[in-house]
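Visitor: In our numbering, the protein residues as written are 135 to 368.
Got a structure for you, written out below as structure tokens; questions coming shortly.
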Amino acid sequence: MTDPIEAIAFYAVFVLAVTVHEAAHAYAAMLGGDLTAYNGGQVSIDPIPHMKREPIGMVVLPIVSVAMWGWPFGYASAPYDPRWAQRFPKRAAWMALAGPAANLAMALVAGLVIRVGVGRGVFEPPMRIGFTHVTSALGDPSGLAAGAAFVLSLFFSMNLLLCLLNMIPLPPLDGSGALPLILPEKWVVAYRRLASQPMVGLIGLIIVWNLFGKIFFPVFLFSIGLIYPQARYG
135 MTDPIEAIAF YAVFVLAVTV HEAAHAYAAM LGGDLTAYNG GQVSIDPIPH
185 MKREPIGMVV LPIVSVAMWG WPFGYASAPY DPRWAQRFPK RAAWMALAGP
235 AANLAMALVA GLVIRVGVGR GVFEPPMRIG FTHVTSALGD PSGLAAGAAF
285 VLSLFFSMNL LLCLLNMIPL PPLDGSGALP LILPEKWVVA YRRLASQPMV
335 GLIGLIIVWN LFGKIFFPVF LFSIGLIYPQ ARYG
């Protein structure tokens with residue numbers, strides 16, 4: 135990525151989306167009786183505690199990847215007490231679900247802001263859609279509205295991506311952690327033991343790497359259709 139402003143925007147939106155995601159995990163754990171993340175400062179949308187916990191995943195790796203490939207790769211985590219999760223598997227499952235739910239909420243807010251902007255004549259449907267082209271500035275290709283359109287597009291897409299990615303029910307993703315909500319109780323302990331195996335997590339990541347594009351882009355197109363019911367893309 136050659137444009138430093140776009141690079142900064144990519145990194146800033148990534149940090150915000152991941153911070154809210156992890157803060158939601160931490161908050162749900164706190165509500166469920168586990169204060170591990172709360173005591174570590176993770177029940178906060180201040181990114182600093184999350185960066186301190188995962189400096190490689192939140193700072194080094196995303197900055198390097200944005201600079202080299204124009205896309206932020208990274209990771210973060212909210213700590214929890216495994217004994218609490220074992221004792222209260224349903225509460226732990228709600229904790230897992232909270233992160234993707236927070237990203238979905240932020241994507242919905244971004245989509246609503248775009249719809250309001252279109253109604254007020256600030257934004258319009260873009261000529262072509264993409265990760266950074268969810269909306270366009272109406273008659274303002276280089277001004278403040280254009281910058282807002284870029285950031286809103288990025289914010290919408292990043293949060294939708296994080297929501298969908300983490301809802302895939304394969305270890306080590308959050309969707310896997312949420313499965314105890316629907317599994318028979320007698321299977322939960324064995325399932326959690328299986329899902330915690332490193333090899334199972336590696337296989338899950340390989341599967342997700344190969345299939346995620348086939349999941350994300352149809353949902354992305356559907357979401358764009360909700361923002362612009364009269365427009366036709368794809």
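For glycine and all other residues, C-beta sits at the position ideal for the given N, C-alpha and C.
Determine, using beta carbons only, whether leucine 315 and lysine 186 come nearer to each other than 8 angstroms.
Guide: Result no, Cβ atoms of leucine 315 and lysine 186 do not sit closer than 8 angstroms.
Visitor: The alpha helix (DSSP H) spanning arginine 225 covers which residue range?
Guide: Element bounds for arginine 225: 223-253.
Visitor: Do you know offhand how far alanine 312's Cα is from glycine 277's?
Guide: Distance between the alpha carbons of alanine 312 and glycine 277 is about 43 angstroms.
Visitor: Evaluate valine 323 with the Cβ neighbour count: other Cβ atoms within 10 Å of its Cβ, from every protein chain shown; 16 or more gives buried, anything less gives exposed.
Guide: Looking at its Cβ environment, which holds fewer than 16 other Cβ atoms inside 10 Å, valine 323 is exposed.
Visitor: Can you tell me whether DSSP reads glycine 359 as helix, strand or coil?
Guide: Three-state result, glycine 359: helix.
Visitor: Assuming contact is defined by CB atoms lying nearer than 8 angstroms, are phenylalanine 144 and leucine 345 in contact in what I supplied?
Guide: Not a contact, by the Cβ cut-off of 8 angstroms.
Visitor: If you drop the 5 nearest sequence neighbours on each side, which residues of the same chain put their C-beta closer than 7 angstroms to that of alanine 158?
Guide: The residues are Ala232, Gly233, Ala235 and Ala236.
Visitor: Nearest-angstrom Cα distance between threonine 170 and leucine 328?
Guide: So the alpha carbons of these two residues sit roughly 24 angstroms apart.
Visitor: Under the rule that 16 or more other beta-carbon atoms within 10 Å means buried, what is glutamine 176, buried or exposed?
Guide: By the neighbour-count rule (16 or more Cβ atoms within 10 Å), glutamine 176 is buried.
Visitor: Would you mind giving the Cβ-Cβ distance between isoleucine 337 and arginine 249, rounded to the nearest angstrom? I have them listed as a contact below 8 angstroms.
Guide: Incorrect: roughly 40 angstroms between the Cβ atoms, too far for contact.
Visitor: Throw me the rounded Cβ distance for the valine 342 and leucine 304 pair, which I believe falls under 8 angstroms.
Guide: The pair is a contact, with the Cβ atoms about 6 angstroms apart (cut-off 8 angstroms).
Visitor: Taking the alpha carbon of phenylalanine 257 as the reference point, which residue from Pro275, Val243, Ala241 and Leu242 has its own alpha carbon closest?
Guide: Closest option to phenylalanine 257, Cα to Cα, is Pro275.
Visitor: If you run the structure through DSSP and keep just helix, strand and coil, what is glycine 335?
Guide: Reduced to three states, the DSSP call for glycine 335 is helix.
Visitor: Can you check whether the CB of serine 357 is closer than 8 angstroms to the CB of glycine 245?
Guide: It is a contact, given that the beta carbons lie within the stated cut-off.
Visitor: Pull up the distance between the alpha-carbon of glutamate 140 and that of alanine 282, whole angstroms please.
Guide: Cα to Cα, the separation comes out at about 12 angstroms.
Visitor: Under a three-way DSSP split, which group does glutamate 156 fall into?
Guide: DSSP places glutamate 156 in helix when its eight states are reduced to three.
Visitor: Short of 7 angstroms in beta carbon distance, which residues of its chain neighbour phenylalanine 148, apart from the five on each side in sequence? Order them along the chain.
Guide: Once the five neighbours on either side are set aside, the close Cβ partners of phenylalanine 148 are Pro196, Pro206, Gly208 and Met292.
Visitor: Starting from histidine 184, trace the alpha helix (DSSP H) in both directions and tell me its first and last residue.
Guide: Its alpha helix (DSSP H) spans residues 181-187.
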